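Since the structure comes first, as structure tokens, the remarks are kept for the end.
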Amino acid sequence: MRGMRHWFAASCLGLIAWLGLELCTFAHEARPAYLLLRQTTPDTFDLLWKVPAQGDNLRLGLYVRLPDTAERLNESHGMFVGGAYVERWRFREPNALVGSTIQIDGLRHTLTDVLVRIERLDGTTQIARLAPESPSLKVTAAPSGWEVVSTYFWIGVEHILLGVDHLLFVLGLLLIVNTTSALVKTITAFTIAHSITLALSVFSVIHVPDAPLNAMIALSILFLGPEVVRKWRGQSSFTIRHPWFVSFVFGLMHGIGFASGLSMTGIPHGEIPSALLFFNLGVEAGQLAFVLVAIWVTMSLRTLELDRAWWSRRIPAYVVGSLGAFWTIQRCLILVGLG
Amino acid sequence: MGPFMSRRFVPLKVHAWILVAFFVLTLFPNTAQAHLVTSGAGPFFDGVAHFFVSLDDLLVVVALALLSGLLGKTAARGLVLVLPFAWFVGMLLGLSLADRISGSGWATAFTVLVGGLLLSFRVKLQAWMIALIAGMIGLAHGSWNGAAMRATETSAIASLGIVAAAGVVALLLSATAASVQQSWQRIAMRVIGSWVAAFGLLALAWHFRPNV
């Protein structure tokens with residue numbers, strides 16, 4: 007039996023290592039691209055195209071295809087800035103793009119999204135999120151407010167569901183809470199904390215560089231691993247007694263991480279409040295869905311009396327602790343320039 | 753998971769309402785694509801989405817999960833432990849032997865038909881037989897999924913999404929069925945089995961339809 011457990015643990019660690027590597031790639035490719043079209047005269051537009059970079063001189067193979075009626079007025083100027091490749095050019099389109107289609111070539115072969123924003127002379131804007139399964143946009147004359155709301159809401163949902171590190175932190179919290187009221191307090195504290203720092207980051211009140219922030223987020227997951235083990239052993243600790251406090255403190259860091267996902271889209275000043283609100287609501291909806299599924303799974307394991315099996319307790323804890331350790335080491339190496 | 757949900761907090765009503773909500777949601781699918789879905793949220797969720805829009809995969813798991821739950825907790829445990837593991841092994845086989853695996857159309861329909869009939873008649877199988885059937889179904893469907901993934905060059909991480917979705921659905925539905933007490937609820941689950949069987953029969957007939 008002991009030998010089988012060792013074999014099982016080794017298999018789990020191998021799987022987790024593979025998962026960690028896969029998820030790193032996955033997280034990197036999830037950064038969105040951004041296309042801004044600003045109307046300068048009735049028939050001309052300034053175009054800004056921002057594509058996630060890979061290293062210092064490589065970029066994702068995404069290219070803007072404008073309608074055939076668009077005529078380029080100058081050469082594009084491209085450069086690598088802050089983890090992205092940015093280029094600008096100006097073009098003329100006689101119908102002000104109304105009714106025409108803008109397509110992103112290469113998007114179907116990636117995992118990333120493209121946020122498109124069209125600013126018109128009359129002050130109206132059209133915003134859309136293009137995804138691999140829908141890589142084109144039809145420009146409308148009068149965009150609805152619903153477009154803005156739904157776009158940022160789904161970016162928020164997607165960000166939390168793709169942010170496996172955030173979900174693992176929430177899972178770690180679920181593993182150490184004792185009662186339903188403690189669960190509610192802990193999740194609420196996490197929500198409040200990350201909402202505060204998300205807002206402060208978006209309004210540029212605080213700024214934390216990506217490398218140390220990512221290392222700290224990984225450390226927050228690793229931190230919960232030993233706490234789960236203490237919980238199994240019937241021991242107590244400050245975290246087990248007051249999980250809401252730990253949730254709040256680490257939630258502040260996770261909020262800054264959420265902000266990096268939102269800031270990559272380059273949200274405009276005029277729409278920061280609504281974009282922030284609906285992005286945050288999307289994050290909450292995704293988080294709530296994850297928590298509800300986790301609770302339902304727990305109830306089902308209990309109903310089938312599988313909750314007493316050693317593996318049903320250890321697998322989630324090993325996943326949290328091992329991935330937390332893996333990411334912490336990996337991100338610390340990046341921090342000191344060895345990754 | 754922490755003990756915040758003690759046994760007295762797992763009333764049947766909760767399971768029942770969640771189950772009703774689940775079936776209402778499945779009545780309004782967003783997309784109905786066969787292989788392999790692009791969710792826009794990465795390969796893991798592509799795998800999850802693929803499972804939920806592939807009725808042949810979903811329905812056979814639903815039928816087996818409800819049947820095992822109705823047959824008791826031991827049978828349900830057997831299903832929950834064996835099905836995801838077998839599905840995963842099947843996917844690995846499918847990924848590695850993609851060239852030799854083909855023509856799964858009638859076979860998937862047949863497994864759905866068998867699963868539906870077993871549930872609708874509530875065939876009193878022993879726990880080891882449920883585990884054996886779960887293993888065979890998991891291997892078969894997993895290998896077909898794996899072969900399809902290889903053909904469409906889908907990321908291997910999507911296989912984890914499919915396996916996770918199959919395992920979670922099996923766990924949730926078998927636990928729900930195991931906690932059912934009243935006879936009308938058991939009958940309702942068997943009615944679901946008859947619908948599943950009807951779907952399997954229609955799919956089988958469609959596959960063998962004469963060319964006109």
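Respectively, the protein sequence lines represent chains X and G. Following our numbering, the numbering of the first sequence begins with 7 at its first residue and continues without gaps. Following our numbering, the numbering of the second sequence begins with 753 at its first residue and continues without gaps. Yeah, the Cβ is synthetic: ideal placement off N, Cα and C, and Gly gets one too. As the structure is a computational prediction, the values presented were derived from the model and not from experiment.
Interface partners of residue i on chain G, CB under 7 Å
{"i": "Thr309 of chain X", "result": "Val762, Ala927, Ala930, Ser931"}
{"i": "Ser306 of chain X", "result": "Leu923, Leu924, Ala927"}
According to DSSP, residues forming a beta bridge with residue i
{"i": "Glu77 of chain X", "result": "X:Arg98"}
{"i": "Gln60 of chain X", "result": "X:Leu64"}
{"i": "Asp808 of chain G", "result": "Note: Asp808 of chain G sits in no beta bridge, so no partner."}
{"i": "His83 of chain X", "result": "X:Arg94"}
{"i": "Ser306 of chain X", "result": "Its beta-bridge partners do not exist; DSSP assigns none."}
{"i": "Ser142 of chain X", "result": "X:Gln109"}
{"i": "Arg44 of chain X", "result": "X:Asp52, X:Glu125"}
{"i": "Val234 of chain X", "result": "DSSP output for Val234 of chain X lists no bridge partner at all."}
{"i": "Val70 of chain X", "result": "X:Ile110"}
{"i": "Ala39 of chain X", "result": "X:Val120"}
Per-residue burial, residue i [other beta carbons within 10 Å of its own, 16 or more giving buried]
{"i": "Asp74 of chain X", "result": "exposed"}
{"i": "Tyr69 of chain X", "result": "exposed"}
{"i": "Lys144 of chain X", "result": "exposed"}
{"i": "Met85 of chain X", "result": "exposed"}
{"i": "Leu298 of chain X", "result": "exposed"}
{"i": "Val183 of chain X", "result": "buried"}
{"i": "Ala955 of chain G", "result": "buried"}
{"i": "Leu228 of chain X", "result": "buried"}
{"i": "Gly799 of chain G", "result": "buried"}
{"i": "Trp238 of chain X", "result": "exposed"}
{"i": "Leu64 of chain X", "result": "exposed"}
{"i": "Pro322 of chain X", "result": "buried"}
{"i": "Gln132 of chain X", "result": "buried"}
{"i": "Phe775 of chain G", "result": "Bear in mind that a pLDDT of 46 at Phe775 of chain G, under 50, signals an unreliable position, so the number given afterwards is only what the model happens to contain. Exposed."}
{"i": "Glu99 of chain X", "result": "buried"}
{"i": "Trp302 of chain X", "result": "buried"}
{"i": "His115 of chain X", "result": "exposed"}
{"i": "Arg337 of chain X", "result": "buried"}
{"i": "Pro215 of chain X", "result": "exposed"}
{"i": "Gly913 of chain G", "result": "buried"}
{"i": "Val375 of chain X", "result": "Within the shown structure, residues of chain X are numbered from 7 to 345, placing residue 375 of chain X beyond reach of any answer."}
{"i": "Val87 of chain X", "result": "exposed"}
{"i": "Ile939 of chain G", "result": "exposed"}
Residues that residue i contacts on chain X, provided the C-beta gap is smaller than 7 Å
{"i": "Ala828 of chain G", "result": "Leu310"}
{"i": "Phe797 of chain G", "result": "Leu167"}
{"i": "Val920 of chain G", "result": "Val303"}
Secondary structure of residue i, DSSP reduced to three states
{"i": "Arg123 of chain X", "result": "strand"}
{"i": "Gln878 of chain G", "result": "coil"}
{"i": "Ala137 of chain X", "result": "strand"}
{"i": "Asp347 of chain X", "result": "Residue numbering for chain X in the displayed model covers 7 to 345; residue 347 of chain X lies beyond these limits and cannot be assessed."}
{"i": "Thr131 of chain X", "result": "strand"}
{"i": "Arg239 of chain X", "result": "coil"}
{"i": "Ala916 of chain G", "result": "helix"}
{"i": "Ala908 of chain G", "result": "coil"}
{"i": "Ala724 of chain G", "result": "Missing from the structure shown is residue 724 of chain G; chain G here goes from 753 to 964 and no further."}
{"i": "Ala817 of chain G", "result": "helix"}
{"i": "Ala315 of chain X", "result": "coil"}
{"i": "Val357 of chain X", "result": "With chain X running from 7 to 345 in the structure shown, residue 357 of chain X is simply not present."}
{"i": "Phe256 of chain X", "result": "helix"}
{"i": "Ala147 of chain X", "result": "coil"}
{"i": "His802 of chain G", "result": "helix"}
{"i": "Gly169 of chain X", "result": "coil"}
{"i": "Pro962 of chain G", "result": "coil"}
Within-8 Å CB hit, residue i to chain C
{"i": "Val832 of chain G", "result": "In the structure shown, chain C does not exist; the protein chains are X and G."}
**Message:** Beta carbons nearer than 9 Å to chain X: which residues of the stretch 842-876 of chain G have them?
**Reply:** none
**Request:** Would you list, in chain order, the members of the stretch 159-173 of chain X that have their beta-carbon closer than 8 Å to a beta-carbon of chain G?
**Result:** Listed by position, the residues of the stretch 159-173 of chain X near chain G (Cβ gap below 8 Å) are Glu164, Leu167, Leu168.
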